Amino acid sequence: SMSRVSATHDEEASARAAAATADTGAPTIFDKIIAKEIPSTIVYEDEKVLAFRDINPQAPVHVLVIPKLRDGLTDLGKAEERHRDILGELLYAAKIVAEKEGILDGFRVVINSGPAACKLKAIPYSIFCLVFSEKQTKCKCYLKCKTMLTLSLSGQSVYHLHLHVLGGRQMKWPPG
C-alpha cells in the first residue's frame, strides 16, 4: 500500500539522517550504557567489550555485544586495518555470551551495516544486537528506558558497531 511505501521511505530517511551524524563523535545511547548513565542488564564485560540484554528481544536470548571504544567503527562497512583486533574480540565475546546463556549448541550472530541493512532496527554502533521497535510504547521501568523509547519512536538509529547474539529457539533461513 502507499502508506507502507511512505513509512518505509521515512524509516530509511531517518536511518540515513542518523548515519550522516554518526561521525560527529556525539555520544550514542550505547556510549551512555558503557558509561553506566543508562541502566542495562549486563551479561558479559571485559576491558574492551560490553554485552547486555536487548530491551526488545527477538528471541528467548537476545544480547547485544559492543566495543567499549567506538574509534570510528560506527558500522562494519567502516572497519579499517586498526579494527581487526576488536572485531575478533567481539566475535569471541559473542561465543562467551552463548556459553553463559546455555545456547552454545545453536545460536546466531547478526551484524547490520549501514542504513539500508534493516528498517528501524538499524543500530550502526558496532554492537552485536540491539533492536528498537516503533510499536514499543511502554517499558517495565519508564525512567530506565525513556531515552531508548524516544529513539525508538523517532526512528533514529544508533551508530556504534554492535552484534546481536540470538538463540533459545530454532532460527530460520533466510533471515530477512
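First residue of the sequence shown? That's 1 in the UniProt record's numbering, and the numbers climb one at a time after it.
The C-beta atom is built at its ideal place from N, Cα and C for all residues, glycine as well.
Since this is a predicted model, take the numbers as computed values, not measurements.
When the alpha-carbon of residue 75 is set against those of 39, 89, 60 and 117, the nearest one is in 117. In the three-state reduction of the DSSP assignment, residue 169 falls in the coil class. The shortest CA-to-CA distance from residue 115 to any of 173, 63 and 78 is the one to 78. Ranked by Cα distance from residue 100, the options 66, 52, 48 and 70 are led by 52. Taking a C-beta distance under 8 Å as the contact criterion, residue 160 and residue 84 do not qualify as a contact pair. A buried status is given to residue 167, since no fewer than 16 other beta-carbon atoms sit within 10 Å of its beta-carbon.
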